[in-house]
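Going by the numbering used here, the first residue of the sequence shown is number 2, and it counts up by one from there. Glycine residues also receive a C-beta, built at the ideal position from the N, C-alpha and C atoms. Quantities reported herein were computed from a predicted structural model and do not represent experimental measurements. First comes the structure, then the notes that go with it.
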Amino acid sequence: MSDDTKKLTEQDAAETFVSRQIVQEIMDYGVTQFQIGKVIELLALELENRDLMVRIRDAISDNTANNTTGIILDGQEV
Numbered sequence: 002m003s004d005d006t007k008k009l010t011e012q013d014a015a016e017t018f019v020s021r022q023i024v025q026e027i028m029d030y031g032v033t034q035f036q037i038g039k040v041i042e043l044l045a046l047e048l049e050n051r052d053l054m055v056r057i058r059d060a061i062s063d064n065t066a067n068n069t070t071g072i073i074l075d076g077q078e079v
């Protein structure tokens, strides 16, 4: 394995570790399944790769569209 390939692998592993810590923080916060879907959907909007963003949004939108139970708007729960 070349040094460049090894360096990328180590960097990927480090970034994966940080990503898992972020997910654990979100889970420790106490979120519903709907909120998890919305977080994924909103994070997808931050992707630079538009094709990947669209595929993620399409995959998750069926489970998050028009499901507003528990959302508070203007001080009233919907």
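Burial state of residue i (16 or more Cβ within 10 Å)
i: residue 14; result: exposed
Residue from the options whose Cα sits closest to the Cα of residue i
i: residue 38; options: 17, 60, 20, 10; result: 60
i: residue 63; options: 35, 44, 46; result: 35
Within 7 Å, strictly: CB atoms of residue i and residue j
i: residue 65; j: residue 42; result: yes
i: residue 57; j: residue 45; result: yes
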